[in-house]
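Residue numbers (UniProt numbering): 1 to 396.
Every residue, glycine too, gets a C-beta built ideally from N, C-alpha and C.
Note that the coordinates shown come from a computational prediction; the quantities given were computed from them, not determined experimentally.
Below is one structure, written out as structure tokens, with a few remarks after it.
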């Protein structure tokens, strides 16, 4: 009978968890009303629970937000990085917070086995130390991160070293992240004893290490990271994330189709005839942000006309103006994947742009669109942080 009572009590609790998000890094002066107003943008808020210190009664900077509609949860998670009272907040599913607490408890049971240093290589040169910290820190406390830079250019050499306070945490990170794809490249992670000589370390880098490939830290990358962190630990990622990962996997397993070049338009104007392959429909709304990456927009080896990059940017701006516009755009002229990055004024505007562009045809190639996390985009393009003016085409 006791077991039956326990089941009856846990069911409503699980249902409430499914409607709830966990918020961190909140401003000290924030009030429940501020949180309710902020999250009402993505759905009706049922309850706000701020966590306070038992003695001082001061906020600990964390809170739980419960929504009436479960569909509001993934949209709320997409608000991570948005500033509330001047502070960029972090929004997660409650399960992620529980997983982190369980992992910390597990590490305490194992005890501290001493520090360990890892080699990390085959990195995209736009990856920063902060980005690496975000990937490796869930495994345990990091003492230091050293990304090796070229002394003349100041650019990353594509490898570095990470020191964990606990060797067990380092071993778990090595097991889970060696070969993990970050920014479109599989990382190489090993014991530092295997990579002691910098000249030897550089030999492990890919020949195209300095090739400028567009960063893709969007929805799929974040979901893959969540799954990778949970793999082999006994922890589980939220069901919604598992479903989205499966859906995104079906997208990437679908081959990209190319139209006959003879039938393709001769100019670089957008050909937005809808794609007939429904399997290519993008399903990234649960983790939408203001920022996007468009791929297959051009081939740098074929573009020879002066001002071709401005022409493509104008085409993108003109199309996006139909859906609310953009406030920042960057065309990576050296990207072999033909990447264009852009920032929209609002998340609904970005979602409309994704729905309009993903799976459509441009200059004979199928466009793919992916959301880019707010912090990542701002790290790549610092000038976009304050961008607020809607862009207009340069050509009139």
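With a threshold of 6 Å on Cβ separation, who are the neighbours of residue i within its own chain once the five nearest residues in sequence on each side are excluded?
| i | result |
| --- | --- |
| residue 385 | 378 |
| residue 325 | 390 |
| residue 42 | 72, 75 and 76 |
| residue 20 | 64, 66 and 94 |
| residue 51 | 60 and 62 |
| residue 345 | 327 |
| residue 92 | 22 |
| residue 80 | 90 and 91 |
| residue 18 | 70 |
| residue 116 | 164, 167 and 170 |
| residue 341 | 293 and 330 |
| residue 202 | Residue confidence for residue 202 is low, a pLDDT of 40 falling below 50, so the modelled location carries little weight; the figure read from the coordinates is stated next. Taken in chain order, the list of residues that qualify is empty. |
Can you tell me whether residue i is buried or exposed, with buried defined as 16 or more other CB within 10 angstroms of its CB?
| i | result |
| --- | --- |
| residue 313 | buried |
| residue 311 | buried |
| residue 368 | buried |
| residue 357 | buried |
| residue 131 | buried |
| residue 343 | buried |
| residue 383 | exposed |
| residue 63 | buried |
| residue 394 | exposed |
| residue 186 | exposed |
| residue 177 | buried |
| residue 55 | exposed |
| residue 339 | buried |
| residue 392 | exposed |
| residue 35 | buried |
| residue 404 | Outside the shown range of the chain (1 to 396) lies residue 404, about which nothing can therefore be said. |
| residue 306 | exposed |
| residue 58 | exposed |
| residue 174 | buried |
| residue 153 | exposed |
| residue 335 | buried |
| residue 380 | buried |
Please confirm whether residue i and residue j have their CB atoms less than 8 Å apart.
| i | j | result |
| --- | --- | --- |
| residue 23 | residue 90 | yes |
| residue 370 | residue 292 | yes |
| residue 172 | residue 121 | no |
| residue 84 | residue 30 | yes |
| residue 164 | residue 140 | yes |
| residue 155 | residue 180 | no |
| residue 147 | residue 160 | yes |
| residue 145 | residue 129 | yes |
| residue 158 | residue 123 | yes |
| residue 82 | residue 362 | no |
Cutting at 8 Å between CB atoms, please list the residues of its own chain near residue i, excluding the five before and the five after it.
| i | result |
| --- | --- |
| residue 86 | 27 |
| residue 68 | 19, 43, 44, 45 and 46 |
Thinking residue i and residue j are a contact (beta carbons under 8 Å), I'd like their distance in whole angstroms, please.
| i | j | result |
| --- | --- | --- |
| residue 46 | residue 15 | Rounded, the Cβ-Cβ distance is 12 Å, inconsistent with contact. |
| residue 387 | residue 78 | So it is not a contact: roughly 19 Å between Cβ atoms. |
| residue 331 | residue 315 | No, residue 331 and residue 315 are not in contact; Cβ-Cβ is about 11 Å, not under 8 Å. |
Spatial neighbours of residue i within its chain, please: C-beta separation below 7 Å, excluding the five flanking residues on both sides.
| i | result |
| --- | --- |
| residue 216 | Reliability of the predicted coordinates at residue 216 is poor, the pLDDT of 39 falling under 50, and the value obtained from them is presented with this limitation in mind. Excluding positions up to five away in sequence, the list reads 183, 184, 293 and 370. |
| residue 323 | 349, 352, 353 and 356 |
| residue 48 | 32, 35, 36, 63 and 65 |
| residue 347 | 78, 288, 289 and 290 |
| residue 150 | 157 |
| residue 192 | 117, 118, 119 and 161 |
| residue 38 | 84 |
| residue 333 | 300 and 309 |
| residue 53 | 60 |
Would residue i count as contacting chain D if we go by Cβ distances under 8 Å?
| i | result |
| --- | --- |
| residue 302 | Considering every chain present, this structure includes no chain D. It has just one protein chain. |
### Task
Would you check if there are 3 or more beta carbon pairs closer than 8 Å linking the region 295–304 to the region 317–324?
In short, these stretches do not touch, since the Cβ pair count stays below three.
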